[in-house]
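Note that our numbering numbers the sequence shown so that position 65 is 581, with each residue one more than the last. The beta-carbon is built from N, C-alpha and C at its ideal position, and this holds for glycine as well. Just so you know, these numbers come straight off a predicted model, no measurement behind them. Contents: one structure, followed by commentary.
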Amino acid sequence: MNAFTKLIGTATLGFVAATSVANAQDMKMLTAWGGNHSGTANMAYGYIDLVQELSGGSVSITPSGPEVVPAGQQIQPLTAG
Numbered sequence: 517m518n519a520f521t522k523l524i525g526t527a528t529l530g531f532v533a534a535t536s537v538a539n540a541q542d543m544k545m546l547t548a549w550g551g552n553h554s555g556t557a558n559m560a561y562g563y564i565d566l567v568q569e570l571s572g573g574s575v576s577i578t579p580s581g582p583e584v585v586p587a588g589q590q591i592q593p594l595t596a597g
């Protein structure tokens with residue numbers, strides 16, 4: 517396990533620990549590239565799997581990408597929530 521993976525795991529564990537286990541959390545993730553892009557497949561989906569694993573399934577993240585909001589137009593929707 518490299519240092520980056522440990523850092524992400526630790527940050528995720530802290531996030532999960534701060535979240536009440538009794539309350540399931542459904543979150544959304546917006547990516548600039550589609551699922552066939554290697555960065556999305558390796559990092560975004562890997563992060564989603566790690567969060568679900570470390571939270572025991574109580575936190576779920578639904579990914580969406582440029583098919584929902586084009587990459588050049590994602591800043592405004594992200595800041596608006």
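Collapsed DSSP secondary structure at residue i in the structure displayed
| i | result |
| --- | --- |
| Ser574 | coil |
Buried or exposed (CB count within 10 angstroms, at least 16 for buried), residue i
| i | result |
| --- | --- |
| Gly562 | exposed |
| Ala673 | The structure shown does not extend to residue 673, since the chain is modelled only from 517 to 597, so the question has no answer here. |
| Ala587 | exposed |
Integer-rounded CB distance, given that residue j should sit under 8 angstroms from residue i
| i | j | result |
| --- | --- | --- |
| Ile540 | Ser574 | Reading the sequence as shown, one finds Ala at residue 540 and not Ile. With 8 angstroms as the limit, Ala540 and Ser574 qualify as a contact, their Cβ atoms being about 5 angstroms apart. |
| Pro593 | Thr547 | Their Cβ separation, rounded to whole angstroms, is 13 angstroms, which puts Pro593 and Thr547 out of contact at 8 angstroms. |
| Trp549 | Gly572 | That belief does not hold up - the Cβ atoms of Trp549 and Gly572 are roughly 29 angstroms apart, past 8 angstroms. |
| Pro577 | Val585 | Residue identity differs from the one stated: residue 577 is Ile in this sequence, not Pro. Their Cβ separation, rounded to whole angstroms, is 16 angstroms, which puts Ile577 and Val585 out of contact at 8 angstroms. |
Reference residue i; option with closest CA among the options
| i | options | result |
| --- | --- | --- |
| Asp565 | Asn552, Met545, Glu583, His553 | Met545 |
The alpha helix (DSSP H) enclosing residue i, as first and last residue numbers
| i | result |
| --- | --- |
| Gln592 | 591 to 596 |
Range of the contiguous beta strand (DSSP E) that encloses residue i
| i | result |
| --- | --- |
| Met543 | 541 to 546 |
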